[in-house]
Amino acid sequence: MITVLTALAGGFGAAARFLVDTLVARHSRLSVPLGTLVVNVSSCFLLGLVTGWLVGHTPGSPLVAILGVGLLGGYSTFSTASVEGVRLIREGRPWSALVHAGGMLAGSLVASVLGLALTM
Numbered sequence: 001m002i003t004v005l006t007a008l009a010g011g012f013g014a015a016a017r018f019l020v021d022t023l024v025a026r027h028s029r030l031s032v033p034l035g036t037l038v039v040n041v042s043s044c045f046l047l048g049l050v051t052g053w054l055v056g057h058t059p060g061s062p063l064v065a066i067l068g069v070g071l072l073g074g075y076s077t078f079s080t081a082s083v084e085g086v087r088l089i090r091e092g093r094p095w096s097a098l099v100h101a102g103g104m105l106a107g108s109l110v111a112s113v114l115g116l117a118l119t120m
């Protein structure tokens with residue numbers, strides 16, 4: 001049953017990713033893919049919250065797999081970020097690719113630590 005719930009949560013996460021990415025891209029005037037950055041940073045923050053809360057309060061809970069692996073695994077999209085980085089390089093914008101990748105890495109790390117810190 002946990003496997004089915006994890007898979008369903010992954011589908012909901014992927015749908016949420018599409019909606020958030022589309023909404024951000026529609027309102028962004030930047031030439032870099034801001035939607036992917038927002039999705040991945042928010043995913044890391046939420047994963048920090050889920051991990052800190054569930055592991056700290058209910059260790060071994062199946063919600064860790066359902067929410068962490070399923071929902072947030074489906075929501076995050078680091079593979080798309082890699083493709084976008086390559087696209088920026090191929091367009092002759094290596095600095096944009098570096099800023100995009102570096103900003104996503106730094107933002108995601110800070111967001112996950114913040115999520116963990118808020119649960120302690």
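Residue numbers (UniProt numbering): 1 to 120. We put the CB at the ideal spot given by N, CA and C, even for glycine.
| Check | Outcome |
| --- | --- |
| Delimiting residues of the alpha helix (DSSP H) encompassing G35 | 34-57 |
| Candidates A81, G107, T36, V32: closest to L19 by CA position | T36 |
| Reduced DSSP secondary structure (H/G/I, E/B, other) of T77 | coil |
| For V39 and A111, believed in contact at Cβ under 8 Å, the rounded distance | In fact, because the Cβ distance is near 11 Å, the residues do not count as touching under 8 Å. |
| CA-to-CA distance, I89 to T3, given in whole angstroms | 39 Å |
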